[in-house]
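Single-structure report; data block below.
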Amino acid sequence: MPTPAAIQWRDNQLELLDQRLLPTEIHYLRFDSAAAVADAIRDMVVRGAPAIGITAAYGMALAARSVGPLPSVAAWTQALSAARHALANSRPTAVNLFWALTRADQTIEQYGNGGDVAEALLQLAHQLLAEDLAINQRIGDHGAALIAPDSLVYTHCNAGALATGGYGTALGVIRSAHAGGKLRGVIAGETRPWLQGARLTTWELMQDGIDVSLATEGAAGHLMRSLKPSWVIIGADRIAANGDVANKIGSYNLAILARHHGVKFMVAAPISTFDPSLDGDDIPIEQRPGEEITHSRGAQVAPSNCISLNPAFDVTPASLIDAIVTEYGVIHSPSRESVTAHLQTAKE
Ligand SMILES: CSC[C@H]1O[C@H](OP(=O)(O)O)[C@H](O)[C@@H]1O
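Using UniProt numbering, the letters of the sequence shown map in sequence onto residues 1 to 348.
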């Protein structure tokens with residue numbers, strides 16, 4: 001059975017697959033307001049950089065639809081600015097969210113406050129959702145071309161269909177490599193504290209019939225040393241001008257281990273994940289509630305009032321990355337110069 005859609009528009013309402021319940025329960029929540037959508041992003045009902053961006057676009061469409069026919073300019077402006085503020089403050093690291101809001105701004109500017117804006121924003125969200133699937137299939141094929149036959153690969157967190165408009169970025173590469181008969185197997189790191197690897201990635205790959213083994217993050221060094229995977233393949237939440245990459249916490253650890261063990265390191269992401277306005281050291285890193293560490297699936301696993309540190313992302317320097325794969329091709333040995341050149345190619 002293919003992975004169910006993370007995002008869908010049905011019966012004139014936004015439906016989000018509640019990823020907090022996976023893999024044991026498939027349940028969609030329905031949304032009719034931007035504020036509720038912002039809460040869903042913050043609470044990780046939906047997660048994953050591209051999926052967050054697409055969902056934010058639907059949130060803006062819901063805000064425009066909520067204003068009703070012939071609103072006053074003040075009512076219109078208040079509704080859309082409140083929606084944009086709530087969505088922009090839901091999660092800080094995935095730049096796709098802000099890229100999608102910019103696309104919504106452009107749509108609103110193009111239509112003014114006429115009646116068509118709600119429909120135009122809804123069509124924008126549909127377009128971003130449909131485009132993302134095609135983009136991921138291109139990313140998958142570009143990345144799979146780098147993988148030699150009979151390869152074992154390691155992946156972290158979930159950069160799959162559930163994190164995108166479908167197919168996935170890192171898992172898109174894995175799906176395309178599997179389709180090409182190149183994979184000996186996949187090791188999926190569980191990815192504490194939210195367990196995207198254990199709960200989402202193993203679930204996606206098993207449903208596709210792809211040989212996947214779940215491991216704790218703590219085992220990564222031992223497995224690289226003993227099983228010698230060819231690649232570590234991850235997604236991204238923000239790629240900076242100098243080629244540094246923000247991704248799920250633990251990615252930086254894997255990059256250091258990979259370099260030490262001669263394992264190549266690949267980042268798979270769409271162009272909408274690039275942020276040329278800053279370098280890696282300036283990427284905002286989301287700090288999430290300590291309860292995500294002191295409790296696991298509701299069960300307390302640390303002393304009450306235990307002080308905890310829960311950064312949701314880290315930044316891997318470009319020097320530890322062998323390839324960044326986008327829908328436009330591959331940036332080998334990323335640097336400020338090669339990233340700039342790639343983004344220029346994408347604009348042409
Ligand atoms: C396809 S990008 C997915 C990206 O997002 C994940 O973070 P989160 O689950 O907290 O949204 C992780 O960083 C993945 O690589």
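Built from N, CA and C at the ideal position, the CB exists for glycine as well.
When C-alpha distances from A241 are compared across I210, V263, M266, L278, the shortest belongs to L278. Following the DSSP letters along the chain, one finds W76 inside the alpha helix (DSSP H) bounded by residues 73 to 88. Runs of the beta strand (DSSP E) spanning 3 or more residues and lying entirely within the stretch 171 to 222 occur at 183 to 189, 212 to 215, in chain order. For V117, the three-state secondary structure derived from DSSP is helix.
Under the DSSP assignment, D314 falls in the beta strand (DSSP E) whose first and last residues are 313 to 316. Annotation for H178: I210 place their beta carbon closer than 6 Å to its own, counting only its chain and skipping 5 residues before and after. Within the chosen limit of 6 Å, ligand 1 does not reach the beta carbon of G298 with any heavy atom. One thing to note: V95 has its Cβ within 7 Å of the Cβ of D275. Cβ contact annotation for H142 (same chain, cutoff 7 Å, sequence separation greater than five): V325, G329, V330, in chain order.
7 Å or more divides the Cβ of H27 from the Cβ of D39. Taking the C-beta atoms as reference points, A236 is found no nearer than 7 Å to L320. DSSP places H332 inside the beta strand (DSSP E), whose first and last residues are 329 to 332. Annotation for I234: the continuous beta strand (DSSP E) segment containing it runs 231 to 234. Put simply, of L21, G53, G290, L122 the residue whose alpha carbon is nearest the alpha carbon of R10 is L122. Taking 6 Å as the cut-off, the C-beta of A159 counts as close to a heavy atom of ligand 1. Nearest to K182 by C-alpha distance, out of G197, P229, A159, G165, is P229. According to the DSSP assignment, K264 belongs to the beta strand (DSSP E) that extends over 264 to 268.
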